[in-house]
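Numbering (my numbering), first residue to last: 34 to 156. Even for Gly, the Cβ is constructed at its ideal location relative to N, Cα and C. From a predicted model like this one, the values you see are computed outputs, not experimental measurements.
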Amino acid sequence: MSGTFPTQLSRQTTRESAHIPWDRRLGLPRDALFGYALLLPGLALIVILVGYPFGNSIWMSFHRKLIGVPDAPFVGLQNYVDLFTDVDYWIAVRNVMTYTVVSVAFKLVLGLSVAVILNEYVP
Numbered sequence: 034m035s036g037t038f039p040t041q042l043s044r045q046t047t048r049e050s051a052h053i054p055w056d057r058r059l060g061l062p063r064d065a066l067f068g069y070a071l072l073l074p075g076l077a078l079i080v081i082l083v084g085y086p087f088g089n090s091i092w093m094s095f096h097r098k099l100i101g102v103p104d105a106p107f108v109g110l111q112n113y114v115d116l117f118t119d120v121d122y123w124i125a126v127r128n129v130m131t132y133t134v135v136s137v138a139f140k141l142v143l144g145l146s147v148a149v150i151l152n153e154y155v156p
């Protein structure tokens, strides 16, 4: 055994096996941390480009915001009450829904027709 005693081997083995890397202590696979690091810039960009404008629009919807006027008084839900009681809004909603239903139906029929025709003639 060239000068090593069993007690030295067991201490050395125990000491090495007791050290657990911090990423293993979290229960993550070794590549998971690298994957999360790669996702972080993209998620930050999404939060900046989508989250901030979304939050700002919600904030502005509760204020009477006018272009060129620096102060915007808080009006609460009054903007939504005005919107949902406006006749022109409901006409616009009906027009959008009609357009959506007609265009989706037309595209569906056209796409299925082309698929059936191509399935018949293309081997």
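*If you draw a straight line from the C-alpha of Leu145 to the C-alpha of Arg127, how long is it?*
Taking the first residue of the sequence shown as position 1, residue 145 is located at position 112. Taking the first residue of the sequence shown as position 1, residue 127 is located at position 94. In a straight line, the C-alpha of Leu145 is about 27 Å away from that of Arg127.
_In whole angstroms, give me the CA-to-CA distance for Val147 and Gly88._
Your numbering for residue 147 matches position 114 in the sequence shown. Your numbering for residue 88 matches position 55 in the sequence shown. Going by the C-alpha atoms only, they are around 44 Å apart.
*Is Phe95 helix, strand or coil when you go by DSSP?*
For the purposes of this step, residue 95 is taken as the residue at position 62 of the sequence shown. Coil.
*From Val83 to Leu76, what distance separates their C-alpha atoms?*
For the purposes of this step, residue 83 is taken as the residue at position 50 of the sequence shown. For the purposes of this step, residue 76 is taken as the residue at position 43 of the sequence shown. Answer to the nearest angstrom: the Cα atoms are 10 Å apart.
_For Phe107, the residue or residues it bridges with in DSSP_ = Numbered from 1 along the sequence shown, position 74 holds the residue referred to as residue 107. Paired residue(s): His96.
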